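Asks:
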Amino acid sequence: MSRSARDGLRWGGSLGLALLLHAGLVGGGLWWHARSAPLLLDEQPMEAVMVDLAPAPEAPPAPPTEIPPGPPQQEQARSEPEPAPRPEPKIELPPDVVPEVIDPYHPPQTEQQDDPSDEANVDRTLAPPDVQAASAARYAARQTTSGTSGRAAATWQGLLLGHLEKYRRYPRSAERRRDEGVAYVRFSVDRQGNAHEVRIGRSSGHPLLDEETLATVQRATPMPPPPPELEGERIEVMVPVEFFIRRR
Numbered sequence: 002m003s004r005s006a007r008d009g010l011r012w013g014g015s016l017g018l019a020l021l022l023h024a025g026l027v028g029g030g031l032w033w034h035a036r037s038a039p040l041l042l043d044e045q046p047m048e049a050v051m052v053d054l055a056p057a058p059e060a061p062p063a064p065p066t067e068i069p070p071g072p073p074q075q076e077q078a079r080s081e082p083e084p085a086p087r088p089e090p091k092i093e094l095p096p097d098v099v100p101e102v103i104d105p106y107h108p109p110q111t112e113q114q115d116d117p118s119d120e121a122n123v124d125r126t127l128a129p130p131d132v133q134a135a136s137a138a139r140y141a142a143r144q145t146t147s148g149t150s151g152r153a154a155a156t157w158q159g160l161l162l163g164h165l166e167k168y169r170r171y172p173r174s175a176e177r178r179r180d181e182g183v184a185y186v187r188f189s190v191d192r193q194g195n196a197h198e199v200r201i202g203r204s205s206g207h208p209l210l211d212e213e214t215l216a217t218v219q220r221a222t223p224m225p226p227p228p229p230e231l232e233g234e235r236i237e238v239m240v241p242v243e244f245f246i247r248r249r
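In this note's numbering, the protein residues as written are 2 to 249.
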């Protein structure tokens, strides 16, 4: 193949590194993942899962229920005449005696004595237990720690992706054969930035692309170490590496 043809076939192999971060001790089995990276369950990327939701069948409308007309109602019931007010009896009192006027609609209220047992019940109801306050404090502390770890993981993800991008290659033989695909590589990063247990998590279908994916991680070692907010001696990660030829 001539050089001009090879230049026309300039590969634009894009390394789409959507980093999935899982945190924890290697022996303990604790995992974590960055919120911006796709979560891979059983080595199946979420981007490859397509779900078509067909519209649910509509239920047939219920037939209208015919209600027979009832007997005609009278527009207004007869109102009984209100009884005439009875005259109040007049009581003559001596001029020196001042009558006590009692409102028939607002009878005098009797003073109620406070029951000491009620005060005790109020005190017991209003006193907040110390257990609830302690539980709220622990919950707030956990939320703060989780938010701090998430921000640290996102920052480290950007550093790691940028570092791996510098060492990516497209195999020339795979380019000539126009091999394309996505390979998923698993490895763990220790506190010094060294990669361990580098292996293919899911093959791209082309051995040359899988080998280049492993070589990319090896060339990029040492890489940015995990932040101290992430617990564990080693942090397990899984990175999808895409190999595609840009066509004009």
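Note that beta-carbon positions come from the ideal geometry of N, C-alpha and C, so glycine has one too. Just so you know, these numbers come straight off a predicted model, no measurement behind them.
Using C-beta distances below 7 Å, list every residue in its chain close to Q193, excluding the 5 sequence neighbours before and after it, in chain order.
Replies: Reading the sequence shown from its first residue, position 192 is the one you call residue 193. Cβ within range, chain order: P223 and P226.
Asks: Run the CB neighbour count on L210, radius 10 Å, all protein chains shown included, and call it buried at 16 or more, exposed below.
Replies: Walking along the sequence shown from the start, residue 210 turns up at place 209. L210 is buried by the Cβ-count criterion.
Asks: Return the first residue and the last residue of the beta strand (DSSP E) that R173 is part of.
Replies: Along the sequence shown, one-based indexing puts residue 173 at 172. Looking at the DSSP string, R173 is not in any beta strand (DSSP E); the run it does join, the alpha helix (DSSP H), is R173 to R177.
Asks: From the DSSP output, read off the bridge partner residues of G182.
Replies: Taking the sequence shown and counting its residues from 1, one reaches residue 182 at position 181. Its beta-bridge partners are F244.
Asks: Counting pairs of Cβ atoms below 8 Å between the stretch 162 to 179 and the stretch 196 to 204, do you hit three or more?
Replies: Flag = no, the stretch 162 to 179 and the stretch 196 to 204 do not touch.
Asks: Taking its Cβ as the centre, do 16 or more other Cβ atoms sit within 10 Å of V161, making it buried, or is it exposed?
Replies: As a position in the sequence shown, residue 161 is number 160, starting the count at 1. Rather than Val, the amino acid found at residue 161 in this sequence is Leu. L161 should be labelled buried.
Asks: Using the Cα positions of M239 and F188, report the straight-line distance between them to the nearest angstrom.
Replies: Numbered from 1 along the sequence shown, position 238 holds the residue referred to as residue 239. Numbered from 1 along the sequence shown, position 187 holds the residue referred to as residue 188. So the two alpha carbons sit approximately 7 Å from each other.
Asks: Name the residue from G182, H197, A155 and H164 whose alpha carbon lies nearest to the alpha carbon of I246.
Replies: Translated into the one-based positions of the sequence shown, residue 246 becomes position 245. Ranking the options by Cα distance to I246, first place goes to G182.
Asks: Can you tell which of T217, E212, A184 and I236 has its C-alpha closest to the C-alpha of Q158?
Replies: On the sequence shown, residue 158 is found 157 positions in, with the first residue counted as 1. Among T217, E212, A184 and I236, the Cα nearest to that of Q158 belongs to I236.
Asks: Can you tell me which of the three DSSP states E198 falls into?
Replies: As a first step, residue 198 must be located in the sequence shown, where it is residue number 197. Three-state DSSP puts E198 in a strand.
Asks: Do you know whose CA, among L215, P228, V190 and E198, lies nearest R170's CA?
Replies: Translated into positions along the sequence shown, residue 170 becomes position 169. Measuring from the Cα of R170, the nearest candidate turns out to be L215.
Asks: Leaving out five residues before and five after H207 in sequence, what residues of the same chain have Cβ atoms less than 7 Å from its Cβ?
Replies: As a first step, residue 207 is located in the sequence shown; it is residue number 206 there, counting from the start. Here the set comprises A175, D180 and G182.
Asks: Report the rounded CA-to-CA distance for A155 versus R248, giving the unit in angstroms.
Replies: Numbered from 1 along the sequence shown, position 154 holds the residue referred to as residue 155. Numbered from 1 along the sequence shown, position 247 holds the residue referred to as residue 248. Between A155 and R248, the C-alpha separation is close to 33 Å.
Asks: Checking the sheet assignment: what are the DSSP bridge partners for S189?
Replies: Taking the first residue of the sequence shown as position 1, residue 189 is located at position 188. In DSSP, S189 forms a bridge with H197 and E237.
Asks: Tell me which same chain residues have a C-beta within less than 7 Å of the C-beta of H164, skipping the five on either side of it?
Replies: In the sequence shown, counting from the first residue as 1, residue 164 sits at position 163. If we look at H164 and ignore the five residues flanking it on each side, its Cβ neighbours are A221, M224 and P225.
Asks: R152: which of P228, V242 and K167 sits nearest, CA to CA?
Replies: In the sequence shown, the residue the question calls residue 152 occupies position 151. For R152, the nearest C-alpha among the options comes from P228.
Asks: Taking the C-alpha atoms as reference points, what is the distance between E243 and K167?
Replies: Along the sequence shown, one-based indexing puts residue 243 at 242. Along the sequence shown, one-based indexing puts residue 167 at 166. Each residue's alpha carbon lies about 15 Å from the other.
Asks: With H, G and I counted as helix, E and B as strand and the rest as coil, what does DSSP make of V218?
Replies: Translated into the one-based positions of the sequence shown, residue 218 becomes position 217. Correct three-state label for V218: helix.
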